[in-house]
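Residue numbers (numbering that gives the first Met the number 0), protein chains in the order written: chain W, 0 to 354; chain X, 0 to 407.
Every residue gets a Cβ at the ideal spot worked out from N, C-alpha and C, and that includes glycine.
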Amino acid sequence: MAGREFPFSMRKEEKDRYLTSELVKLTDYHREHCPAYRKMTDALGCDTRSVSHYSQLPYLPVSLFKQLRLSSLEGDEDFKTVTSSGTSGQQRSQIILDAQTRTDQQVALTRIGSDFLGKNRLPYLVIDCPATIKKRDHYSARTAGILGFSIFGAHRTFALKDDMSLDLEAVEDFLDKYKDKKFLIFGFTFMVWKYFCRELEERQIKLDCSKAVLLHGGGWKKLADQAVSKEEFARRLKNVCGVERVMDYYGMTEQTGSIYFECECGHLHCSDYSGIIFRRPEDFSVCDIGETGIIEVLSVLPKSYPGHILLTEDQGRLLGVDDCPCGRPGPYFEVFGRIKNAELRGCSDTYEDRS
Amino acid sequence: MKTDPESIASLPISYMVGDAQILSAISEQKPLPPFAERTIELLAALSGALRKNKRAHAMPDVAAFAFWCRRAALENMKGKYCRGKGRRLGRGVCIHFTPSNIPDLFAFSMSAGLLSGCSVILRLARKTSVQEDLICGELKELLDTEFSDFKPRIVLCRYGHEKEITDLLCSMSDARVLWGSDESVNDIKRSLLPARGVDLPFAARASAAVISAKEVLGTDQLDLVAKAFYNDTYLNDQNACSSPRIVYWMGSEEDTRKARDLFWGQMEALLKERGYQVPAETAVRKLESALILAAACGAQKISGAGTSLVRVQIPKLSPQVWEHTAAGGLFIESRGQDLAGLDSVLDKTCQTVCTVGVDEQLIADFVLEHRLSGVDRIVPVGHTLDFALTWDGIDMIDAMSRTITGGR
Numbered sequence: 000m001a002g003r004e005f006p007f008s009m010r011k012e013e014k015d016r017y018l019t020s021e022l023v024k025l026t027d028y029h030r031e032h033c034p035a036y037r038k039m040t041d042a043l044g045c046d047t048r049s050v051s052h053y054s055q056l057p058y059l060p061v062s063l064f065k066q067l068r069l070s071s072l073e074g075d076e077d078f079k080t081v082t083s084s085g086t087s088g089q090q091r092s093q094i095i096l097d098a099q100t101r102t103d104q105q106v107a108l109t110r111i112g113s114d115f116l117g118k119n120r121l122p123y124l125v126i127d128c129p130a131t132i133k134k135r136d137h138y139s140a141r142t143a144g145i146l147g148f149s150i151f152g153a154h155r156t157f158a159l160k161d162d163m164s165l166d167l168e169a170v171e172d173f174l175d176k177y178k179d180k181k182f183l184i185f186g187f188t189f190m191v192w193k194y195f196c197r198e199l200e201e202r203q204i205k206l207d208c209s210k211a212v213l214l215h216g217g218g219w220k221k222l223a224d225q226a227v228s229k230e231e232f233a234r235r236l237k238n239v240c241g242v243e244r245v246m247d248y249y250g251m252t253e254q255t256g257s258i259y260f261e262c263e264c265g266h267l268h269c270s271d272y273s274g275i276i277f278r279r280p281e282d283f284s285v286c287d288i289g290e291t292g293i294i295e296v297l298s299v300l301p302k303s304y305p306g307h308i309l310l311t312e313d314q315g316r317l318l319g320v321d322d323c324p325c326g327r328p329g330p331y332f333e334v335f336g337r338i339k340n341a342e343l344r345g346c347s348d349t350y351e352d353r354s
Numbered sequence: 000m001k002t003d004p005e006s007i008a009s010l011p012i013s014y015m016v017g018d019a020q021i022l023s024a025i026s027e028q029k030p031l032p033p034f035a036e037r038t039i040e041l042l043a044a045l046s047g048a049l050r051k052n053k054r055a056h057a058m059p060d061v062a063a064f065a066f067w068c069r070r071a072a073l074e075n076m077k078g079k080y081c082r083g084k085g086r087r088l089g090r091g092v093c094i095h096f097t098p099s100n101i102p103d104l105f106a107f108s109m110s111a112g113l114l115s116g117c118s119v120i121l122r123l124a125r126k127t128s129v130q131e132d133l134i135c136g137e138l139k140e141l142l143d144t145e146f147s148d149f150k151p152r153i154v155l156c157r158y159g160h161e162k163e164i165t166d167l168l169c170s171m172s173d174a175r176v177l178w179g180s181d182e183s184v185n186d187i188k189r190s191l192l193p194a195r196g197v198d199l200p201f202a203a204r205a206s207a208a209v210i211s212a213k214e215v216l217g218t219d220q221l222d223l224v225a226k227a228f229y230n231d232t233y234l235n236d237q238n239a240c241s242s243p244r245i246v247y248w249m250g251s252e253e254d255t256r257k258a259r260d261l262f263w264g265q266m267e268a269l270l271k272e273r274g275y276q277v278p279a280e281t282a283v284r285k286l287e288s289a290l291i292l293a294a295a296c297g298a299q300k301i302s303g304a305g306t307s308l309v310r311v312q313i314p315k316l317s318p319q320v321w322e323h324t325a326a327g328g329l330f331i332e333s334r335g336q337d338l339a340g341l342d343s344v345l346d347k348t349c350q351t352v353c354t355v356g357v358d359e360q361l362i363a364d365f366v367l368e369h370r371l372s373g374v375d376r377i378v379p380v381g382h383t384l385d386f387a388l389t390w391d392g393i394d395m396i397d398a399m400s401r402t403i404t405g406g407r
């Protein structure tokens, strides 16, 4: 993998072979090095010798990292623990990263990112406030996003003040300097909508971001609740700031690096570093193309912790393989947000909404 | 505390049965003795009305409530209760807080309050239900006609869980019945009862089943056993506190292996027949629990991962397994020749033990002999959800009434 400069090179057959072989190796590796992972996969009856396709390998629910500290490092190795509080400040995931895995993540992110954004660093406008990255004890998904995508950016500028109001002066200053060439705008979907797009609309301000690429992520749930579609989101943004290219991504702290970007055709793409599977809730069997299921994410990167195959709590569907008009080979898909939290019957536990 | 009608009328409370005026005067109602004839008449009339109601026929839980409070059943409860009891009267006003996920629980709780001789204030869950609609409708009809004497004694209401209202209602009450999670029970407890007030807290519990392998292998009615077990578990998404989450097999290793295959095979067929489906979130939650049990509690084998019936085999049970159970069809299995292997989970968490082919007395003796802190109730399979006036080891009638000693 390290030799490949180009992160979108493999077509289905080669990809299946490659992913299966890499993920079997990782599964064996983690079974050897992480006792808890060994116990879990033993209980599931895992035997990698009989695996012919990566979809047969065991998957861990992402939420498990909130309950267990899973490490494949020897006791005295140097490591860093990254924690993330999902969206609502509940229990945090604990991800154990050593230098090697961190480097691999950075390399993967850079390569995948450059395929979409180009090789050069771009002036970087963040739709968030400076305080978000200062509160290191609250290492949120937002912090991770802002810092992570910094590797594509230069001259980082925050568009919001710490009270979440629009820092128009800073934004205009930024645009004065950089608006004539390609630049990057990044923010969480809901932040971009509420504190940028809606704010500009209400104050009847028009900006010139026609050369920008707007990268946003973190889910549509809140916007879908307000009945804002993807198309509406893009249309209204174009109207207030002229941005042509609006780009979504899908990724999580538990699998940093092997991120899924949205292409020019509006599809999320697997890179050579990652795979994606959609499973039916009734028996976890693999969905057909076009069929909605629970998303399983696969990554060849996690070495210091057994997070290479994870079952998320999101749902989505596979749109196709190798035939996206954008030209990138591999699977492409769309995400619909969190799986439904249907209320169970019963008496003793009035279930709290966990989303 | 003074409860003047005007201040109560100004509170944002909506009334399903009763009104603000009745609520403000409810403390003035005189108590009745437990199982007073007039109380029995009212509940029996409610039972009759519900059994005649066509809409109720389609609702098994409403039918179960109507069956529970029919006259013969009430007389039977009375006979059992009153034997050897002294002279008793209700404590006064009892207040009930009921959850939404078992829609007819409020009706049982209210009945227990009335049978104890108390007047009843009951706060319904935020979410309304058709069951509630139906039962309240019939009750109101009776209170407006032949049971007008009971009208000042019953208030069923709901409000936005404002603490000030809970404070006020609790201050008017002599006994309090709390149903819910530990969190919600503790939450309500923050509102004070009068100093002499008593609490009947029914907080989160969990339950186990003990199955005799020989019985499963020998019976020709395994389909009925499976149906009964289905009613104990899947009927309420295995989320009722009395639904078994641990299944303990009694028998030899060989017998148990065979019995397991038979029993779970039958359950799988039944789940398919009933079209039972797990919501996606629950399916993931079950896998998570099963894996934690493997990582931290010694689970050796997970079967049926991702399906509506997931089983986790743990050779040696520990109290920690209770923390990692999940609802919606996750069963923790263990085995032993006798009950010794179950001992460690019969702790404060364990409410009900349901049995298949195992003498209930055997389990009762085991609990007493080993002086265990758990197990309040032992029932045959199919009966875990049956409401009883003694719940979680609390005799509700006793708790909500008082004895008068002295004299003859």
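Residue pairing by DSSP puts glycine 89 of chain X in a beta bridge opposite X/Ser400. One finds nothing in chain X with a Cβ atom closer than 7 Å to the Cβ of lysine 24 of chain W; even the nearest lies about 22 Å away. Per the C-alpha coordinates, the member of X/Ala44, X/Arg244, X/Asn75 positioned closest to alanine 205 of chain X is X/Arg244. Within 10 angstroms of the beta-carbon of phenylalanine 157 of chain W lie 16 or more other beta-carbons, which makes it buried.
A contact is defined here as three or more CB-CB pairs under 8 Å, and the segment 16-32 of chain W meets this definition with respect to the segment 48-55 of chain W.
For methionine 251 of chain W, the three-state secondary structure derived from DSSP is coil. A direct Cα-Cα distance of roughly 23 Å separates glycine 264 of chain X from serine 241 of chain X. Three or more beta-carbon pairs separated by less than 8 Å link the segment 118-133 of chain W to the segment 182-198 of chain W, which places the two stretches in contact.
At a cut-off of 7 Å between C-beta atoms, phenylalanine 173 of chain W does not count as an interface residue with respect to chain X. For glutamine 93 of chain W, the enclosing beta strand (DSSP E) has its first and last residue at 91-96. Ranked by how close their Cα comes to the Cα of leucine 67 of chain W, the residues W/Lys160, W/Ile95, W/Glu76 have W/Ile95 in first place.
Along the length of the segment 94-181 of chain X, whole alpha helix (DSSP H) runs at least 4 residues long occupy 104-115, 129-143, 162-170, reported in chain order. Within the DSSP secondary-structure output, arginine 316 of chain W pairs in a beta bridge with W/Glu333. Contact check for isoleucine 294 of chain W against aspartate 322 of chain W fails: the beta carbons are separated by 7 Å or more.
Note on geometry: alpha-carbon atoms of threonine 306 of chain X and phenylalanine 64 of chain X lie some 32 Å from one another.
One finds Glu281, Asp282, Phe283 in chain W with Cβ atoms closer than 9 Å to the Cβ of threonine 306 of chain X, taken in chain order. Contact annotation for proline 129 of chain W against chain X: no contact, minimum CB-CB distance about 36 Å [criterion: below 8 Å]. In the DSSP assignment, isoleucine 362 of chain X falls outside any beta strand (DSSP E) and lies within the alpha helix (DSSP H) extending over 359-368. Against chain X, the CB of alanine 35 of chain W has a partner CB under 7 Å away; the residue lies at that interface.
Per DSSP, the beta-bridge partners of proline 200 of chain X are X/Leu177. Its Cα nearest to that of phenylalanine 332 of chain W, the residue W/Ile275 stands out among W/Ile275, W/Pro305, W/Lys302, W/Val299. Not one beta carbon of chain X lies nearer than 7 Å to the beta carbon of glutamine 93 of chain W. Flagged as an interface residue toward chain X: lysine 38 of chain W, by a C-beta distance shorter than 7 Å. Taking the C-beta atoms as reference points, cysteine 349 of chain X is found no nearer than 7 Å to valine 378 of chain X.
Those residues of the segment 198-227 of chain X placed with their C-beta closer than 9 Å to a C-beta in chain W are Phe201, Ala202, Ala203, Arg204, Ala205, ordered along the chain. When C-beta atoms of the segment 206-214 of chain X are compared with those of the segment 247-265 of chain X, three or more pairs fall below 8 Å, so the two segments count as touching. In the three-state reduction of the DSSP assignment, valine 50 of chain W falls in the coil class, being assigned neither a helical nor a strand state. Exclusion of the five residues before and after leucine 10 of chain X leaves Ile164 as the residues of its chain whose Cβ lies within less than 6 Å of its Cβ. Between leucine 286 of chain X and aspartate 173 of chain X, the alpha-carbon positions lie close to 45 Å from each other. In the DSSP annotation of this structure, the continuous segment of the beta strand (DSSP E) that includes tyrosine 123 of chain W starts and ends at 121-125.
Relative to threonine 402 of chain X, the option among X/Gly85, X/Gln276, X/Ile134, X/Ile7 whose CA is nearest is X/Gly85. C-alpha of serine 71 of chain W to C-alpha of threonine 102 of chain W: approximately 17 Å in a straight line. When rounded, the separation of the alpha-carbon atoms in cysteine 68 of chain X and serine 13 of chain X is 27 Å. Nearest to threonine 324 of chain X by alpha-carbon distance, out of X/Ser6, X/Leu191, X/Gln237, is X/Gln237. According to the DSSP secondary-structure assignment, phenylalanine 262 of chain X is paired through a beta bridge with no residue.
Between the alpha carbons of phenylalanine 185 of chain W and isoleucine 145 of chain W lies a distance of about 7 Å.
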